[in-house]
Amino acid sequence: MSNEDLVKKVRNSIIAMRPVLPITQPLDLGSVGTIDDDGVFHYLGTIGSMLGLNSLGGELTPVINKDLAWSLSTGKNVKVGIGAKADTTGEFSKFANARGNATISFESANSSFLAVKGLTTRELAEPQLLINAMLSAYKADQFRWKEDWVFIYQLGIAHRRTIILSSQANTKVLLKGSGKLAAGAAANVDLAAGFQFEISTNSVEQLVGTKNDVAFYNAYRVKDSWFSSPHAQNALRMSFGTEVAMYPKVQLSPTKVFSKV
19 MSNEDLVKKV
29 RNSIIAMRPV
39 LPITQPLDLG
49 SVGTIDDDGV
59 FHYLGTIGSM
69 LGLNSLGGEL
79 TPVINKDLAW
89 SLSTGKNVKV
99 GIGAKADTTG
109 EFSKFANARG
119 NATISFESAN
129 SSFLAVKGLT
139 TRELAEPQLL
149 INAMLSAYKA
159 DQFRWKEDWV
169 FIYQLGIAHR
179 RTIILSSQAN
189 TKVLLKGSGK
199 LAAGAAANVD
209 LAAGFQFEIS
219 TNSVEQLVGT
229 KNDVAFYNAY
239 RVKDSWFSSP
249 HAQNALRMSF
259 GTEVAMYPKV
269 QLSPTKVFSK
279 V
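For what it's worth, the numbering used here labels the leading residue of the sequence shown as 19, then goes sequentially.
As structure tokens, this is what we get:
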């Protein structure tokens, strides 16, 4: 399943982190892995164990946002119906009289729905210590630390979360609710809590109404410096010519820095 739109929308939202994919992947600060083109994190270990570090340098005081209420969907024509607006036609007709149910319909493949209520952010206090260790390991031995490896320095723990990923087109999902939302105006974000997965017309990946799970993260990786690009190298040669040796900080060889991914 392609998660490109989901990753992009979450990173550009108030969350400003990557969604954890696969959605059940256990992650922690200092986790090391690779991120593939579909946004899936492939766990390799921890930066402490892989680089022989005894400490990650501690954590900042967690930032707790109890009032965050946020949702999004990706894909073509995603329809959400809650309570009386739930689409209980066809295969869901036997649920027509259940007032507290909700339905989500995905018209296109590679679609998703995500709702979050409350978020706690955990972050390393001194990520530069790990960045330095990462860069030193890469410089010393590229088999000890590879360029496409990343380490996690920030986590987002959703107080309540519902996430549904649909790889197939024309998929409809029914969530069973308590009925408390039926009498009032309900919003998409209300699906973050008070519901449980009941049935779907096609197979989906889903977590519904989960509590305090790691839902988002940010990570660092090794990256080529701008100064190592061919254009930059030519510019440096033209600027310094035979006097490059006088500028020890300007090296005519690939220079590695770190970047957020």
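Every residue, glycine too, gets a C-beta built ideally from N, C-alpha and C.
Computed from a prediction, not measured in an experiment: that's the story for all the values here.
Have a look at residue i and residue j and give me their C-alpha separation to the nearest angstrom.
i: Thr139; j: Leu132; result: 18 Å
i: Tyr61; j: Val25; result: 18 Å
i: Lys212; j: Leu148; result: Looking at the sequence itself, residue 212 is Gly, so the reference to Lys does not match. Approximately 40 Å between the Cα atoms of the pair.
i: Gly174; j: Ala102; result: 33 Å
i: Gln170; j: Thr64; result: Here the sequence assigns Ile to residue 170, which means Gln is not the residue at that position. Those two C-alpha atoms are separated by around 9 Å.
i: Asn83; j: Ser185; result: 32 Å
i: Leu86; j: Asp208; result: 12 Å
i: Ala205; j: Arg36; result: 24 Å
i: Asn304; j: Leu90; result: Residue numbering for the chain in the displayed model covers 19 to 279; residue 304 lies beyond these limits and cannot be assessed.
i: Ser247; j: Ala151; result: In this prediction, Ser247 has a pLDDT of 48, which is less than 50 and means its spatial position is unreliable; what the coordinates show is noted afterwards. Roughly 24 Å between the two C-alpha positions.
i: Ser67; j: Leu74; result: 11 Å
i: Thr92; j: Ala158; result: 42 Å
i: Val332; j: Ser154; result: Because residue 332 is not part of the residues shown, which for the chain are 19 to 279, the question remains open.
i: Thr52; j: Phe113; result: 43 Å
i: Lys267; j: Phe161; result: Low per-residue confidence applies at Lys267: pLDDT is 39, beneath 50, and the placement is therefore not dependable, though the value from the model is reported in the following sentence. Looking at the two C-alpha atoms, the distance is approximately 26 Å.
i: Gln224; j: Asn72; result: 36 Å
i: Gln146; j: Phe110; result: 53 Å
i: Asn188; j: Ser221; result: 11 Å
i: Lys94; j: Gly227; result: 24 Å
Residue i: which of the options sits nearest, CA to CA?
i: Val81; options: Asn30, His177 and Ile217; result: His177
i: Leu137; options: Lys27, Ala233 and Ser277; result: Ala233
i: Thr219; options: Glu144, Lys157, Leu173 and Glu125; result: Glu125
i: Phe59; options: Ser67, Pro44 and Asn30; result: Pro44
i: Leu142; options: Asn72, Lys27, Leu47 and Ala127; result: Leu47
i: Thr180; options: Asp54, Gly76, Asn115 and Asn230; result: Asn230
i: Asp56; options: Val226, Asn128, Gly108 and Ala187; result: Asn128
i: Val28; options: Trp88, Lys94 and Ser221; result: Trp88
Would you mind giving the Cβ-Cβ distance between residue i and residue j, rounded to the nearest angstrom? I have them listed as a contact below 8 Å.
i: Asp105; j: Lys194; result: Contact flag wrong, Cβ pair sits at about 14 Å.
Take every Cβ of the region 153-169, pair it with every Cβ of the region 231-240, and state whether three or more of those distances are shorter than 8 Å. Segments in contact, yes.
Taking only runs that begin and end inside the region 159-202, name each unbroken beta strand (DSSP E) of 3 or more residues, in chain order. Segments of the beta strand (DSSP E) lying fully in the region 159-202: 168-184 and 189-195.
Complete beta strand (DSSP E) runs within the region 42-110 (minimum length 3 residues, chain order): DSSP runs (the beta strand (DSSP E)) wholly in the region 42-110: 49-53, 59-64, 81-92 and 97-100.
Does the region 87-103 come within contact of the region 114-121, defined as at least 3 CB pairs closer than 8 Å? Flag = yes, the region 87-103 and the region 114-121 touch.
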